[in-house]
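Undergrad: Position one of the sequence shown corresponds to residue 163 (the numbering used here), numbered consecutively onward.
Cβ coordinates follow ideal geometry from the N, Cα and C atoms, glycine included.
The structure displayed is predicted, hence computed values, not measured ones.
Encoded as structure tokens, here's the structure I'll be asking about.
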Amino acid sequence: HRDLHSFPTRRSSDLAIVYEISYLIPYKNKKAISTINGIIISLIGIAVMAMPLRYTDGVMYDTRTILISVTALTFGSLPTIIVAVFTSLFRIFIGGSGVYAGVSTIISASVIGLLWRKLIWKKLTKHRLLNIYVFGFLVSISMVFGQYLLPLHIALPIIEQITLPILLIYPAVTVVLTQLLLSQRERNESYIKIAEAENRYKSLFMTNQAPMMIVRPINGEIIDVNPAAADFYGWTVDELKQMTTFDLNASVQEVYDPLFKDIEQNIRTVTHFKNKKADGSIVDVEVYTGTIIIESEMFLYLIMHDISEKMTLESHKQEIESQLHQQQKLEAIGTLAGGVAHEINNPLHGIMNYAQLILDTLEKNSKTAQFAREIISETERISTIVKNLLNFSRQEKQTHSYANVYDIINQTVSLIRTIIKKDQITLCISLDDDLPEIKCRNQQIQQVLMNLLTNARDSLNDKYKDYDEDKIIKITCRQYIVDDNRCIRISVEDHGNGIPEYARDKIYQPFFSTKPKDRGTGLGLSISFGIIKDHHGNISYETEEGKHAIFNIDLPVDNGWSLQV
Numbered sequence: 163h164r165d166l167h168s169f170p171t172r173r174s175s176d177l178a179i180v181y182e183i184s185y186l187i188p189y190k191n192k193k194a195i196s197t198i199n200g201i202i203i204s205l206i207g208i209a210v211m212a213m214p215l216r217y218t219d220g221v222m223y224d225t226r227t228i229l230i231s232v233t234a235l236t237f238g239s240l241p242t243i244i245v246a247v248f249t250s251l252f253r254i255f256i257g258g259s260g261v262y263a264g265v266s267t268i269i270s271a272s273v274i275g276l277l278w279r280k281l282i283w284k285k286l287t288k289h290r291l292l293n294i295y296v297f298g299f300l301v302s303i304s305m306v307f308g309q310y311l312l313p314l315h316i317a318l319p320i321i322e323q324i325t326l327p328i329l330l331i332y333p334a335v336t337v338v339l340t341q342l343l344l345s346q347r348e349r350n351e352s353y354i355k356i357a358e359a360e361n362r363y364k365s366l367f368m369t370n371q372a373p374m375m376i377v378r379p380i381n382g383e384i385i386d387v388n389p390a391a392a393d394f395y396g397w398t399v400d401e402l403k404q405m406t407t408f409d410l411n412a413s414v415q416e417v418y419d420p421l422f423k424d425i426e427q428n429i430r431t432v433t434h435f436k437n438k439k440a441d442g443s444i445v446d447v448e449v450y451t452g453t454i455i456i457e458s459e460m461f462l463y464l465i466m467h468d469i470s471e472k473m474t475l476e477s478h479k480q481e482i483e484s485q486l487h488q489q490q491k492l493e494a495i496g497t498l499a500g501g502v503a504h505e506i507n508n509p510l511h512g513i514m515n516y517a518q519l520i521l522d523t524l525e526k527n528s529k530t531a532q533f534a535r536e537i538i539s540e541t542e543r544i545s546t547i548v549k550n551l552l553n554f555s556r557q558e559k560q561t562h563s564y565a566n567v568y569d570i571i572n573q574t575v576s577l578i579r580t581i582i583k584k585d586q587i588t589l590c591i592s593l594d595d596d597l598p599e600i601k602c603r604n605q606q607i608q609q610v611l612m613n614l615l616t617n618a619r620d621s622l623n624d625k626y627k628d629y630d631e632d633k634i635i636k637i638t639c640r641q642y643i644v645d646d647n648r649c650i651r652i653s654v655e656d657h658g659n660g661i662p663e664y665a666r667d668k669i670y671q672p673f674f675s676t677k678p679k680d681r682g683t684g685l686g687l688s689i690s691f692g693i694i695k696d697h698h699g700n701i702s703y704e705t706e707e708g709k710h711a712i713f714n715i716d717l718p719v720d721n722g723w724s725l726q727v
């Protein structure tokens, strides 16, 4: 009787071992798992049946009923069928008067377990312990009724002796063992889900093309990086894991402090930083940040996107917009200058006419007549300047015709002479005699010459703040012959700072300028280059940084254009 009480617990842990083994097999081989489980449980059942509690010859009791019923409830149909077949065959092999009763308990436990699993188990999940207990009680009753298959003179005393212990002990053991297996299954399934999640997110982390990092917020320590981050920054994964975010950032640490504060408050952020690479280059990165919990510790994840090209394009866009605004202002100033010049012309001619009337009434050599002639001379000079300003400010495309080189140079100089004189710059002009007329658009050549003179003036003012004997602009013009073609060269020379080495390949590029943005548009030399090329000429320079710069305009006398009127 004592053995009967202790017997159900002897092998109760065996199924837990089987359950543990089943989780070592890859989940995709589901049928293989069920088959292996069935075989292992069958061996456990046979082992249990090999060491039974013998009541009389051929009549024995063991825990196979609990083993099989719990197998049916928790492992499903395929393992149960395998166990039922093997244990039934083994019971037949043992033989004796209790064969029918023994096989019937195996079958009844299997059938009840499978039916309960399919019809009732999932519907009564709220009261799981009670559900299992009722199931175990039902299996125990079927076991008791199975004893009636024994010879009657043996069955009655056995039923009287075992009914109460079985109905009390077997359902309780069934509850304990089933609950153990279910807890074990839930735990293992949780481990599997965690492992799958870790593999899934690790795959997302490791195969992501965007650089990613896991960082400890308190000190910026880099805990982990993906291969894309190593490729992006140029350090190996192990090298990066020895660094902090402050080692990568080209900004000061104070920039990071508000970011980490936001992270501690679980605020997702998108921030722009300048990061250093292993080769020393600086890149603009947009950093997406958020929090992630790893082993109960909060970390910061960073996803970096290289926005250097975007920032460059944005900078160029702003620069172009600024240049367009500047160009619009210049056009407005040109229109205003034209209007002002027209308004000046009217009173100017009045002054000139009145001075002439006064001169006509005076004696030729009188002092007053001399004053009148000075008034006429000065008003004519002003009139010439106004005329040149009007020509320079015109926006329409001029036709080309023969133009006098002397007039082009003198008209341009007349517009800038006063400014140059105010800046205490000495202007030296040296023009060859008998220079030929050239085919050109007069106003465009003036525009080029004006740009070169303005650049020379700015360079001298940067080098010399006040008067200096070397603060000189030289304009020269000479004629020469190349391959039987007559050409002229207009040169503008200054003794300023010259052209820096880094700028020499870029000075003709649109919007490139060595001047501050408020002083240069970066369009002057680019437009000048286009104008001279359009005239079939060439513009070149000679320079020595810190000493001088000479710009040469080479124009053919006859550029092949047909004259237009």
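1) If you check the beta carbons only, do Ile282 and Ser231 fall under 8 Å apart?
2) Within the continuous alpha helix (DSSP H) that includes Arg279, where are the two ends?
3) Is it the case that the Cβ atoms of Ser470 and Asp446 are separated by a distance below 8 Å?
4) Measuring only the C-alpha atoms, how far is Val296 from Leu277?
5) Three-state secondary structure (DSSP) at Lys559?
6) For a quick check, are the C-beta atoms of Glu706 and Gly660 less than 8 Å apart?
7) My understanding is that Ser196 touches Pro241, with C-beta atoms under 8 Å, so please give their C-beta distance in whole angstroms.
8) Determine, using beta-carbon pairs with one atom in the stretch 506-514 and one in the stretch 460-476, whether at least three such pairs fall under 8 Å.
9) Name, in chain order, the residues that DSSP records as bridge partners for Glu383.
10) Going by C-alpha distance, which of Ile455, Asp409, Glu457 and Glu459 is nearest Phe730?
11) Determine, using beta carbons only, whether Val654 and Phe713 come nearer to each other than 8 Å.
12) Can you say whether Pro598 is buried or exposed, counting buried as having 16 or more other CB atoms within 10 angstroms of its CB?
13) My understanding is that Asp594 touches Cys639, with C-beta atoms under 8 Å, so please give their C-beta distance in whole angstroms.
14) Given this structure, state the Cα-to-Cα distance separating Ile203 from Met368, to the nearest angstrom.
15) Can you give the beta carbon distance from Asp585 to Asn623, rounded, assuming they're within the 8 Å contact cut?
16) Give me the Cα-Cα distance between Leu329 and Ala194, rounded to the nearest whole angstrom.
17) Hey, how far is the Cα of Glu322 from the Cα of Leu311?
18) Report the partner residues of Phe713 according to the DSSP bridge assignment.
19) Taking all protein chains shown into account, decide if Lys633 is buried (16 or more other Cβ within 10 angstroms of its Cβ) or exposed.
20) Closest to Leu614 by C-alpha separation, out of Thr588, Ser592 and Val575, would be which residue?
21) For Met305, is the beta carbon positioned less than 7 Å from some heavy atom of the ligand HEM?
22) Count the other C-beta atoms from every protein chain shown that fall within 10 angstroms of the C-beta of Ala357, then say buried if there are 16 or more, exposed otherwise.
23) Is it true that the CB of Arg648 sits closer than 8 Å to the CB of Val719?
24) DSSP three-state call for Val306: helix, strand or coil?
TA: With the structure as the only source:
1) As a first step, residue 282 must be located in the sequence shown, where it is residue number 120. As a first step, residue 231 must be located in the sequence shown, where it is residue number 69. No, Cβ-Cβ distance for Ile282 and Ser231 is not below 8 Å.
2) The sequence position of residue 279 within the sequence shown is 117, counting from 1. Counting along the chain, the alpha helix (DSSP H) containing Arg279 begins and ends at Val261 to Leu281.
3) Here the question's residue 470 lines up with position 308 in the sequence shown. Here the question's residue 446 lines up with position 284 in the sequence shown. Against a cut-off of 8 Å, the Cβ pair of Asp446 and Ser470 comes out as a contact.
4) Counting from one through the sequence shown, the residue named residue 296 turns up at place 134. Counting from one through the sequence shown, the residue named residue 277 turns up at place 115. Cα-Cα distance, rounded: 14 Å.
5) What you label residue 559 is simply residue 397 of the sequence shown in a count that begins at 1. Any reading at Lys559 needs caution, since the residue's pLDDT is 48, under 50, leaving its predicted position unreliable; the model's value is listed next. Lys559 falls in the coil class under three-state DSSP.
6) The residue given as residue 706 occupies position 544 in the sequence shown. The residue given as residue 660 occupies position 498 in the sequence shown. Their beta carbons are under 8 Å apart, which means Glu706 touches Gly660 by this criterion.
7) As a working note, residue 196 is residue 34 in the sequence shown. As a working note, residue 241 is residue 79 in the sequence shown. Yes, Ser196 and Pro241 are in contact; Cβ-Cβ is about 5 Å, under 8 Å.
8) no
9) In the sequence shown, residue 383 corresponds to position 221, counting from 1. Glu383 is bridged to Arg378 and Thr406.
10) Nothing in the structure corresponds to residue 730, since the chain is present only between 163 and 727.
11) Residue mapping note: residue 654 aligns to position 492 of the sequence shown, counting from 1. Residue mapping note: residue 713 aligns to position 551 of the sequence shown, counting from 1. At the C-beta level, Val654 and Phe713 come within 8 Å of one another.
12) Within the sequence shown, numbered from 1, the residue matching residue 598 stands at position 436. It is exposed - the Cβ of Pro598 has fewer than 16 other Cβ atoms within 10 Å.
13) Mapped onto the sequence shown, residue 594 falls at position 432. Mapped onto the sequence shown, residue 639 falls at position 477. Going by Cβ atoms, the distance from Asp594 to Cys639 rounds to 6 Å, so yes, they are a contact pair.
14) Looking up residue 203 in the sequence shown gives position 41. Looking up residue 368 in the sequence shown gives position 206. Going by the C-alpha atoms only, they are around 41 Å apart.
15) Here residue 585 refers to the residue found at position 423 of the sequence shown. Here residue 623 refers to the residue found at position 461 of the sequence shown. Asp585 to Asn623, Cβ: 6 Å. Contact.
16) For the purposes of this step, residue 329 is identified with residue 167 of the sequence shown, where counting begins at 1. For the purposes of this step, residue 194 is identified with residue 32 of the sequence shown, where counting begins at 1. C-alpha separation (whole angstroms): 36 Å.
17) Position 160 of the sequence shown, counted from the start, is the residue given in the question as residue 322. Position 149 of the sequence shown, counted from the start, is the residue given in the question as residue 311. Cα to Cα, Glu322 sits roughly 15 Å from Leu311.
18) Taking the first residue of the sequence shown as position 1, residue 713 is located at position 551. Under DSSP, Phe713 takes part in a beta bridge, and its partners are Val654 and Tyr703.
19) Taking the sequence shown and counting its residues from 1, the one referred to as residue 633 is at position 471. Buried is the call here.
20) To locate residue 614, count along the sequence shown from 1; it is residue 452. Of the listed residues, the one whose Cα sits closest to Leu614 is Val575.
21) Although the ligand HEM was asked about, the structure shown includes no ligands whatsoever.
22) Within the sequence shown, the letter at position 195 stands for residue 357. Exposed, because fewer than 16 other Cβ atoms sit within 10 Å of the Cβ of Ala357.
23) Here the question's residue 719 lines up with position 557 in the sequence shown. Here the question's residue 648 lines up with position 486 in the sequence shown. Cβ atoms of Val719 and Arg648: closer than 8 Å.
24) Walking along the sequence shown from the start, residue 306 turns up at place 144. Judged by DSSP in its simplified three-state form, Val306 adopts helix.
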